[in-house]
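Visitor: Let me begin by handing over the structure; questions about it come next.
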Amino acid sequence: GILELKKIAAMAEAHYVGFQPHNPYGPLCTIASLHLDACTPNFMIQEGGISPWFQDACTGDFPVQKDGFLPIPPGPGLGVALNEEWLKANPWRDDANIWRPRPGTVASLQDTKWV
């Protein structure tokens, strides 16, 4: 969780080590990571990607990456929330296992399992 990640960042800071979280999980994890990054003195880089469906899966202004940077969304809480209607209309598909890809595909199907 976010508190555990903050503890890891603090331990790294105590040993003069930079903090570079990796986030492959989705829009809310990305936003939570950005908020943590903003308040962590030894933050260096946020790994992960922005998928086209992130804008649809969230309500509020999901940040748009520009010149390699993501702004932190304004507003209460994380600044965005899940779009329940979109999620109901686009349920998770478990027909593609990322560890055993289908013939002709690559090993990461992260962007194709939601839409």
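Residue 84 in this note's numbering is what sits at position 80 of the sequence shown, and the numbering runs on without skipping anything.
Built from N, CA and C at the ideal position, the CB exists for glycine as well.
1. Can you grab the Cα-Cα spacing for the pair I102 / A93, in whole Å?
2. Check H19 in the structure and name its three-state DSSP category.
3. Within this structure, are the beta carbons of Q69 and I49 separated by less than 8 Å?
4. Grouping DSSP H, G and I as helix and E and B as strand, with all else coil, what is C2?
5. Going by CA-CA distance only, name the one from W90, W96 and L82 that's closest to D41.
6. Report the rounded CA-to-CA distance for N65 versus H19, giving the unit in angstroms.
7. CB F23 to CB T44, shorter than 8 Å?
8. Please look up how many angstroms separate the CB atoms of P78 and I35, rounded, as I've assumed it's under 8 Å.
9. Under the three-state reduction of DSSP, which class applies to F66: helix, strand or coil?
10. Leaving aside the five residues before and after P31 along the sequence, list all residues of the same chain whose C-beta is less than 6 Å from its C-beta, in chain order.
Guide: Answer, in terms of the structure:
1. Summary for I102: the model assigns pLDDT 49, below 50, so the residue's position carries little reliability; its value from the coordinates is reported in the next sentence. Going by the C-alpha atoms only, they are around 23 Å apart.
2. coil
3. no
4. Nothing in the structure corresponds to residue 2, since the chain is present only between 5 and 119.
5. L82
6. According to the sequence shown, residue 65 is Asp rather than Asn. So the alpha carbons of these two residues sit roughly 36 Å apart.
7. yes
8. Their Cβ separation, rounded to whole angstroms, is 12 Å, which puts P78 and I35 out of contact at 8 Å.
9. coil
10. F58, A61 and C62
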